[in-house]
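A.B. asks:
Residue numbers (my numbering), protein chains in the order written: chain A, 1 to 320; chain B, 321 to 640.
1) Considering only residues of the same chain and omitting the five flanking positions on each side of residue 606 of chain B, which have a CB-CB separation below 7 Å?
2) Straight-line CA distance for residue 101 of chain A to residue 148 of chain A?
3) Taking only beta-carbon atoms, is residue 486 of chain B less than 7 Å away from chain A?
4) 7 Å is my cut-off, CB to CB: does residue 355 of chain A come that close to chain B?
5) Does the contact criterion of 3 or more C-beta pairs under 8 Å hold for the region 466-482 of chain B versus the region 612-627 of chain B?
6) Quick one: Cα of residue 95 of chain A to Cα of residue 89 of chain A, how far?
7) Can you tell which of A:157, A:58, A:185 and A:242 has its C-alpha closest to the C-alpha of residue 34 of chain A?
8) Within the continuous beta strand (DSSP E) that includes residue 169 of chain A, where are the two ends?
9) Return the chain-ordered ranges of every beta strand (DSSP E) run that is complete within the region 132-211 of chain A and spans a minimum of 3 residues.
10) Interface residues of chain A around residue 455 of chain B at Cβ under 7 Å?
11) When DSSP labels each residue in this structure, what does residue 639 of chain B get in the three-state scheme?
12) With distances taken Cα to Cα, identify the nearest neighbour of residue 390 of chain B among B:322, B:338 and B:517.
13) State the Cα-Cα distance for the pair residue 315 of chain A and residue 181 of chain A, rounded to the nearest angstrom.
14) Can you tell me whether residue 628 of chain B is buried or exposed, with buried defined as 16 or more other CB within 10 angstroms of its CB?
15) When the distance is taken between beta carbons, is residue 304 of chain A closer than 7 Å to residue 265 of chain A?
16) Can you tell me which residues form a DSSP beta bridge with residue 52 of chain A?
17) By how many angstroms is the C-alpha of residue 108 of chain A removed from the C-alpha of residue 64 of chain A?
18) Bridge partners for residue 234 of chain A per DSSP, in chain order?
19) For a contact meaning CB atoms closer than 7 Å, what does residue 101 of chain A contact in chain B?
20) Cβ atoms of residue 540 of chain B and residue 610 of chain B: under 7 Å apart, would you say?
21) Assign residue 518 of chain B to one of two classes, buried (16 or more other C-beta atoms within 10 Å of its C-beta) or exposed (fewer than that).
22) Just how far apart, CA to CA, sit residue 640 of chain B and residue 507 of chain B?
23) Can you pull the DSSP bridge partners for residue 12 of chain A?
24) In three-state DSSP terms, what is residue 586 of chain B?
25) Which bits of chain A does residue 462 of chain B rub up against, with CB to CB less than 8 Å?
26) So, at 8 Å on beta carbons, what are the nonlocal neighbours of residue 36 of chain A in its own chain, with the 5 sequence-adjacent residues on each side left out?
27) Where does residue 444 of chain B fall in DSSP's three states?
28) Could you say if the region 252-267 of chain A and the region 207-223 of chain A meet the contact criterion of at least three C-beta pairs nearer than 8 Å?
29) In or out: residue 174 of chain A buried (at least 16 other Cβ within 10 Å) or exposed?
30) Flag this pair as touching only if the region 555-574 of chain B and the region 527-534 of chain B have three or more C-beta atom pairs under 8 Å; answer yes or no.
31) With a threshold of 6 Å on Cβ separation, who are the neighbours of residue 251 of chain A within its own chain once the five nearest residues in sequence on each side are excluded?
32) Helix, strand or coil for residue 34 of chain A, going by three-state DSSP, please let me know.
33) If we ignore side chains and look at the alpha-carbon of each, how far apart do residue 345 of chain B and residue 363 of chain B end up?
34) With hydrogens ignored, establish whether the beta-carbon of residue 122 of chain A is closer than 6 Å to any heavy atom of the ligand FMN.
35) Look up residue 436 of chain B in the DSSP assignment and say whether it is helix, strand or coil.
36) Just reading off the beta strand (DSSP E) that residue 2 of chain A is part of, what are its end residues?
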C-alpha cells in the first residue's frame, strides 16, 4: 500500500510515517515545514519506501501531482496553534478548511478511495455530556480551531456521500509523547528551563484535561482502519481518565527536580475559546478491541524524557 | 437602524429588504447578481432609505467599505443551487463558507455587533429524530451544501465567542412565496408550461418535505431579533406539517388546470445528498410567540400566483 501523509514532518504525522514504514508500506510524506521538523523524519529518510515532498496544501496542482499512485491519504496537516486562532483568524480557515477541500479534490482527481483525518475533541465546544460521545447533542462551536476542523470533517463526509470515498475521522484529545512540541507540557518545560523557580500558568490550574500517548493514538487508528468498514467512520480517541493542570505541574516538577512558585493568571479558562473540560467517551473504538497502554502520567513522563534528550526542539518553536 | 443585507436581490433577501424598509429602517443591499434579480428590488429602489451596492463577497475590500455604518448584517447570500454541489464543488466552499468568513472579518473591521444568518435544515444530514430539534444528535453531513452551511455557522459562533458578536442563526426548511425562483415547485411549473401533458419527477414522489411561506419566515426572524438575547441564538424555522412531493404535484396540477402523466426517475432520493425527509422541531421559535400564518398548501398557491404573474422569471434561470 502507498500511503500519502500530509503534515508528515509534524508530531503525530512523523510518528505515523515511521509506523507505516515499519509495517512495510511505502509512504509519500507531504509537508510545507511551516511547523514540521526535518529531524522528525530522520528514520524515515533512511528507508527506501519513503519519499518526501515539500509543498503547501494551498498549492492544488503540486498536491495533486504528489498524490499520484497513493491508495490512502492520512490528512494530518493542520494549523496546530489553537490559541492563535483569533489573532490569525484566516490561518485556521486556510490551513484546516480550504486545505482539506484541496486534499479531497486531489483525491478525486487521483481516484484515491480512502481518507484518514485528524480531527479534535474541540469540535464538541462546551459539551453538557461527559464523557462526550460521538453523537453528543449538536454542539455550538466556541473556537475558530474547532470551527475549522468541523468544517473539514463536514467536507470529508459530504465527499464520502457524493463520491464514495471511505472516510475515517478521529476526534483526538491532546496527544503527548515523542516529538511533542507544542502545548502546555511543552510551555511549562520551557519556562522551567529558563527560570526553575517560577511557573506562570494560564487559568486557575483546575482545568481538567485528558491526554493520549501518541503510539496509543496510532494503534487506535490502525485498529479502526482494519476493523471499521462503514463509508463514514467517526471515532473519539482518548483515555477514560483525566487530570487537572495542577496534576501535570506536579509530575513535571518532580521529573525535573524543581519546586517552582506557581503564578496563576486566574479564571476558569486558559484562553478565549479554551474549553474548561474535554473528556471523550471512547467506547466506540474500545469496542473494536483497542486499548491504550499508557496512562496520562506515563504519557507525560515519556514526553518529558523526549524533551530532555531533544532540547533543540525548544529553540525551534517561537515562544507562545 | 442601518441594516446590511447580503443576497439583497435574492428571493428571501429582497423580501427582507422590503420588510425592513417598510418598518422604517435604512438598508444597504449587497448582491453580485449571479442569481439575484434587479426586478426584485423595484420597490426598494424607490425608497430613499435604500442603497444598492453591486459587489462580490469574495472581494473583501469592497465588502468592508460597503458595510461601513451598518448596525446589523443579514447574511442571506448563498449558493442556492443545492443540487449542483457535487458538480461544482468549489462553489459551495467559496460562496457559503469563505464568503461568510469575509463577512465576519468585514464586521470586525467595521465593529458591527450583530449578524443574522440564513442556514438550512440540511445541516441535520439524515437525522434519526423527527421532528428534528436544534440540539439533535451531532449529525454527519451528507451534502456539500449542508457541509458549507455548517462550516459558516461554526465560523459565526466562534466569532461570537471570540469577538462578542451577537449571532442569530436560522435553519430553514425550504421557503416558498413571492419571488421564489428555484426548487421543485419552480421546476414542475416550468415543465408544465413547456409540456402540460407530462411531468418528470426526480425520485419516487414519496419524499416528504416541509415548506415555510417567506413572510412567515421573515416574521420569525424579526420575532427572534426582538426577543432572543443570548450571544448565540439558533432557531429552526419551519412548519409542523409536511407534505409529499406527490401532494404538491396535485396542488400544482389543480391550480394550473392540467392532468399530466407523471414519470418518476425512481429511488427514495431526488439526487445524491438529497435528504428523504426534513421536518424540524420549531418549538424554540414558537415559544417566543411566533406562529406561521400559511399552511404548506397555501404557501404553494401563493408561489404559483407569483409565478403566473411573473413569467419572466422562468426565462432568467438556466434549466436545472
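The beta-carbon is built from N, C-alpha and C at its ideal position, and this holds for glycine as well. The model shown is predicted, which means the values in this text are computed figures rather than measured ones.
C.D. replies: Short version:
1) Here the set comprises nothing.
2) Straight-line Cα distance between these residues: approximately 11 Å.
3) Not flagged as an interface residue toward chain A: residue 486 of chain B, since no C-beta distance is shorter than 7 Å.
4) As displayed, chain A neither begins before 1 nor continues past 320, which places residue 355 of chain A out of reach and without an answer.
5) no
6) 11 Å
7) A:58
8) 166-172
9) 166-172, 174-176 and 198-201
10) 137 and 138
11) Model confidence at residue 639 of chain B stands at a pLDDT of 47, short of 50, so the residue's coordinates are unreliable and nothing is read from them.
12) When each option's Cα is compared against that of residue 390 of chain B, the closest is B:322.
13) 11 Å
14) exposed
15) no
16) Paired residue(s): A:29.
17) 9 Å
18) A:169
19) Those within 7 Å of residue 101 of chain A in chain B are 413.
20) yes
21) exposed
22) Its pLDDT being 40, under 50, residue 640 of chain B is placed unreliably by the model, and nothing is read from it.
23) Residue 12 of chain A is not bridged to any residue.
24) strand
25) 157, 158 and 161
26) 7, 8, 9, 10, 13 and 14
27) DSSP places residue 444 of chain B in helix when its eight states are reduced to three.
28) no
29) buried
30) yes
31) 297 and 300
32) coil
33) 15 Å
34) No copy of the ligand FMN appears in this structure; indeed no ligand is present at all.
35) strand
36) 2-6
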